[in-house]
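For the sequence shown, position 142 (counting from the first letter as 1) is numbered 1043 according to this note's numbering, and the numbering increases by one without interruption.
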Amino acid sequence: MSKMFSDCPICKAHQRMEVTTKTEKIPYFGEIMESTLLCHECGYKHADTICIEKKDPVKYTLLIGKDNLNARIVKSQSSTLTIPELGLKVEPGPQSQGYVSNVEGVLDRFEKAVKTALSWTEDQQSQQNAVKIIGFIDEVKNGDKKVTLILEDPFGHSIIIDENAQKTELTKEEIKGLKTGFLTFENDELEMNNKDK
Ligand SMILES: [Zn+2]
C-alpha cells in the first residue's frame, strides 16, 4: 500500500488530496489496483479499482440468494450493475465508484442508495416503490427469494467469482447500449479494439 499527496481537482487545495493505492491479486482474474482519493480540505472522496491487464468486454450473470452472499465481486468504475427483478441499475458516471466486495456488499450498497432516495422523495408512489424494493432485498438476504445479478463491463475490468456465475462476451450491440462513464469518443476506440480481434 502506498500513500501520497497531490493537489485537489475539486477545491484546488495544494497537496491536500491523499491518494492511497493498493494492489491485489484476484484469483482467475489478475492483478488489480485499488485507489482511494480523499481531500482533507473539502472532503471529496473517490474510490476505484483498475485491472492492470488488458481484458475483453465481459458480462457476468449470477442468480443470487442466501447461499452465495459471499461470492466475491470486483466492480470497476466502467461497469454497469443490474438487478432486473428489482429494477435496480448502477451505471458508470462521475458518482459511480469501483470497489472489491461480495454479493452481500452489493445488496447493502443498493439498499443504502434506495434508502437515500426514499429520504429525499415526497412522492407517495416512489416511497411505496422504495419500501417494496428494500423488502425484496431483505428477502434475498434471508433466502426467501432469488434474483439475477448482472455485471457488464466494456473494458473487462470486473468479475463475479462464483462457480455458478455465467461469463459471456458482450455483443457489439450490448456494448453500444452501455454507458462507459467516459467521453463518447471512447466508444470509437472500443469498436476499433473489437475490429482488431
Ligand atoms: Zn478538495
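Glycine included, each C-beta is placed from N, C-alpha and C at the ideal position.
From a predicted model like this one, the values you see are computed outputs, not experimental measurements.
Backbone CA spacing between residue 1010 and residue 959 [nearest angstrom]: 22 Å
Residue 1050, DSSP secondary structure in three states: strand
Residue of 950, 925 and 943 minimising C-alpha distance to residue 908: 943
Simplified DSSP state of residue 932, which is helix, strand or coil: Strand, per DSSP.
Segment contact, 8 Å Cβ cut-off, at least three pairs: the stretch 1049 to 1066 with the stretch 977 to 985: yes
Residue closest to residue 1040, alpha-carbon to alpha-carbon, out of 968, 973 and 995: 968
Assigned exposure category for residue 929 - 16 Cβ within 10 Å defines buried: exposed
Residue 905 CB to nearest heavy atom of ligand 1 below 7 Å: Taking 7 Å as the cut-off, the C-beta of residue 905 does not count as close to any heavy atom of ligand 1.
Rounded distance between the beta-carbons of residue 961 and residue 1067, thought under 8 Å: The pair is a contact, with the Cβ atoms about 7 Å apart (cut-off 8 Å).
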